[in-house]
Amino acid sequence: MQRRRPDSQTVRVLRDALAVDIAYGRVDLAQAVKRMRKISGLTQVQFAKHRGMSLLTLKRIESGKGNPTVETLESIGNLFGLRVAFVHADPNTTAHWLEHGDPRDNDH
170 MQRRRPDSQT VRVLRDALAV DIAYGRVDLA QAVKRMRKIS GLTQVQFAKH RGMSLLTLKR
230 IESGKGNPTV ETLESIGNLF GLRVAFVHAD PNTTAHWLEH GDPRDNDH
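Under my numbering, the final residue of the sequence shown carries the number 277; numbering is consecutive throughout.
Here's what the structure looks like:
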């Protein structure tokens, strides 16, 4: 079953919203990957093939039960200009830094 890809303006809005939600820690890995796939307008089969992974791997990731390799995460994130990195465990700290800057920048 072919999914219809959203128009370019909708894709831009959805990508921007996803980026904000990721930055503020409002989505987990499973939610982010599922949203990326849907923004891409691809079925799970198509997305898995496109990103070079098995369908089972993608299903496990999207259900929150997967344990993907760094390479798999890089392959998925690369599509959206993302890379694997550490994130702060407290989304409020991340949100504060995004709004006010990293306090360590004032030490210089």
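Built from N, CA and C at the ideal position, the CB exists for glycine as well. Computed from a prediction, not measured in an experiment: that's the story for all the values here.
In the assembly as shown, residue 216 is a buried residue. Its beta-carbon has 16 or more other beta-carbons within 10 Å. In this structure, the CA atom of residue 243 is about 13 Å from the CA atom of residue 236. Secondary structure note for residue 181: its alpha helix (DSSP H) is the uninterrupted segment 177-192. The criterion of a C-beta distance shorter than 8 Å is not satisfied by residue 201 and residue 233.
Between the alpha carbons of residue 177 and residue 189 lies a gap of roughly 18 Å.
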